[in-house]
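In the numbering used here, the protein residues as written are 101 to 851.
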């Protein structure tokens, strides 16, 4: 691909001008005739019985159209996931659960009336955290946990044994992933390190809160949903399932997404649709920041115990892991992915991984960029660093010695395809930051590796050429990271045209070709093949039309600069628009220039990263200042290096933020920092310069050799921070975020 015209070159994002000029249309910009505004009323208690709801004062307010409760909307249906949950009816099970919805002519009227709603709660005992969940006799679901297919459990689940019996408990699922005999291997190891690592819940912190507009159709049960979502087909299925509607009657119009990171999959869409169908008018709901943080699905808190053993040479011989995942009121399914990575970064014949998915009276958890992996690798990579220190070995060389390659098993037993973990470590070894890591007072350089297996799904695309020469690419994917900008380059490369002449048409669920959701780092590698297939078929049609036009052999035709020419014949050319016009007008001819491409990959294209961070730790306060960061990532082939680097910068920044700043705090089961004033995350001045280093080892499965990009850069940052603090202050952080107070206390204990 080194001689390509467009692919592999740095090009700006195609929707950048609309976004920076304010012309991009978000859900909050949707204004429909007769539209009403909805305001949810959330429970302030993690567990309570609803004894009564007095709606009189709210209904008496000007502009109020309806005050709806579970009796009005639920229809006897039982929720099994956060997206399928409408309103609590008899009992609330987490602080932030919607109990009622006020519908009014304006947002202000709805908010004023919601404040007057009088709900009589009988406060009940609650299960507030994972430790209590596993030791207390109180159950989150005394009558049994509502069951549903998990969104992640089967993605990389591999082979596992599920342990369970008839005794109900808050441990919703126990899984064991094992190979060999880890206990015997650790007993015979030369060195064993053991620690338990914990992390707080983390919110995805997108700039745009959840926003939905639902418009009833012409007949009962029909609805159009305008929504900020990463996956329109997933939302269509969820809404139809939650409300008992036909999928064909639910049309999803995906809007511009103001950030998602795994959280924008229809959390409140079914509720808004139910309200709109009940009042038979368009309804818009835009969550406030506090509502969003209280009622949506953050990354889980985890407690991961790691026992890691090695022989005298540093060869890892045994790994034993117990991971407790606090899920909130519903299962989500991080276990398989967590196990895949924590047991699949380093070669080891004897591995035992136990995962416990635990239920509490907290909001259900969900996906956040590489779900479960930053938490898993904080534990694993901290342990590897301690192992290197104990053995007196270079931490990078120990990782290189043990790093997995293609064919080695993941933590769930499936073999890795060809991967670039060692290539990333070798590049890290050469980087000036690692080369110059000699000790400076109160400073240290930390190293950690990360990766993501990557999803892949079937996809379709339609390419057509209009008579004015515009090439239109019809897709059903949602662009939240610039992926459509790369699709444009594929078409331009194939047809020999300027990318500016390619127009993306993002279809809704009625009109768009099927595409996977924009999550799991799967869209580029899944959609590229379909786009390439459609554009190659269009190229063949254009060559045939040009051959007929010039009365030449098609092998002598070339497409370049938006024209078709006969090779070696100067001064003659016909535009693609003219060829399209010929196809449409020629009697008995081939017809319009249009083609559909389909693709279904046989395997994934995993991405790996090695990251370096230099920090300074204040010896008096424990304050950690990140000074410099490096994200080295095997991207296979960078279709657009500018956008790839942007993904690496963003993901690395989020990983560093997990390590130093972010955490949701609870008091008696209720979130105490549900806003951006009290929830700490970094501003631009809090993050160091990040050097994005691209390693390009083409994947056997990814189109053009491309690998997944979006997930890997978040996976190693928190661990690298912890290892840098260890190098700078000689203390081991075992709980995230690494606050100044925690580091200071550790230094006092060390002294």
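Note that beta-carbon positions come from the ideal geometry of N, C-alpha and C, so glycine has one too.
Computed from a prediction, not measured in an experiment: that's the story for all the values here.
Of the listed residues the options, nearest to residue i (C-alpha basis)
| i | options | result |
| --- | --- | --- |
| residue 582 | 161, 623, 574 | 623 |
| residue 545 | 710, 302, 472, 592 | 710 |
| residue 850 | 836, 826, 672, 616 | 826 |
| residue 828 | 749, 185, 713 | 713 |
| residue 124 | 232, 840, 357 | 357 |
| residue 199 | 719, 154, 784 | 154 |
| residue 802 | 634, 335, 523, 518 | 518 |
| residue 178 | 209, 244, 223, 228 | 244 |
| residue 521 | 330, 476, 461, 445 | 445 |
| residue 206 | 474, 272, 138 | 138 |
| residue 700 | 716, 555, 540 | 555 |
| residue 681 | 407, 488, 645 | 645 |
Nearest-angstrom beta carbon gap, residue j and residue i [assumed within contact, 8 Å]
| i | j | result |
| --- | --- | --- |
| residue 409 | residue 493 | Residue 409 to residue 493, Cβ: 14 Å. No contact. |
| residue 313 | residue 132 | 7 Å |
| residue 733 | residue 787 | Between residue 787 and residue 733 the Cβ distance is about 18 Å, and since that is not below 8 Å, they are no contact. |
| residue 170 | residue 159 | Contact doesn't hold; Cβ gap of about 17 Å is too wide. |
| residue 136 | residue 383 | 5 Å |
| residue 450 | residue 285 | 4 Å |
Sequence-distant residues of its chain with Cβ nearer than 6 Å to residue i (five each side left out)
| i | result |
| --- | --- |
| residue 834 | 295, 297 |
| residue 128 | 311, 386 |
| residue 411 | 290, 417 |
| residue 592 | 106, 599, 602 |
| residue 349 | 321, 322 |
| residue 390 | 774, 775 |
| residue 560 | 613, 614, 630, 698 |
| residue 832 | 826 |
| residue 643 | 654, 657 |
| residue 537 | 545 |
| residue 214 | 139, 141, 202 |
| residue 800 | 518 |
Nearest-angstrom Cα separation, counted from residue j out to residue i
| i | j | result |
| --- | --- | --- |
| residue 189 | residue 150 | 7 Å |
| residue 435 | residue 464 | 15 Å |
| residue 675 | residue 627 | 28 Å |
| residue 677 | residue 565 | 7 Å |
| residue 557 | residue 508 | 24 Å |
| residue 665 | residue 689 | 20 Å |
| residue 741 | residue 798 | 14 Å |
| residue 234 | residue 140 | 32 Å |
| residue 607 | residue 576 | 5 Å |
| residue 253 | residue 104 | With a pLDDT of only 39 at residue 253, under the threshold of 50, the placement of this residue in the model should not be trusted; the figure read from the coordinates follows. Between residue 253 and residue 104, the C-alpha separation is close to 40 Å. |
| residue 587 | residue 366 | 26 Å |
| residue 836 | residue 269 | 28 Å |
| residue 368 | residue 429 | 16 Å |
| residue 277 | residue 515 | 14 Å |
| residue 340 | residue 376 | 14 Å |
| residue 765 | residue 574 | 44 Å |
| residue 115 | residue 705 | 27 Å |
| residue 191 | residue 147 | 7 Å |
| residue 512 | residue 440 | 5 Å |
| residue 433 | residue 458 | 11 Å |
| residue 659 | residue 694 | 17 Å |
| residue 423 | residue 300 | 14 Å |
Cβ-based neighbour list, residue i, same chain, cut-off 7 Å, excluding 5 preceding and 5 following
| i | result |
| --- | --- |
| residue 362 | 304, 466, 467, 468, 469, 471, 619 |
| residue 572 | 564, 566, 603, 605 |
| residue 264 | For residue 264, the predicted model reports a pLDDT of 48, less than 50, meaning its position is unreliable; a value from the coordinates is still stated below. Only 274 meet the Cβ criterion. |
| residue 759 | 817, 818, 821, 822, 836, 837, 838 |
Bridge partner(s) assigned by DSSP for residue i
| i | result |
| --- | --- |
| residue 295 | 406 |
| residue 277 | 453 |
| residue 574 | 562, 605 |
| residue 207 | According to DSSP, which records beta bridges pairwise, residue 207 is partnered with nothing at all. |
| residue 725 | 716 |
| residue 169 | 200 |
| residue 707 | 552 |
| residue 857 | What is shown of the chain runs 101 to 851, which leaves residue 857 out entirely. |
| residue 697 | 561 |
Close-in-space but distant-in-sequence residues of the same chain around residue i (CB under 8 Å, 5 per side omitted)
| i | result |
| --- | --- |
| residue 781 | 305, 757, 761, 762 |
| residue 180 | 246, 247, 248, 430 |
| residue 525 | 496, 499, 500, 503, 549, 710 |
| residue 490 | 291, 293 |
| residue 856 | Because the chain spans 101 through 851 in this model, residue 856 falls outside it and cannot be assessed. |
| residue 110 | 740, 741, 742 |
Short CB-CB distance (under 8 Å) between residue i and chain D
| i | result |
| --- | --- |
| residue 621 | Although the question refers to chain D, the structure presented lacks it and comprises just one protein chain. |
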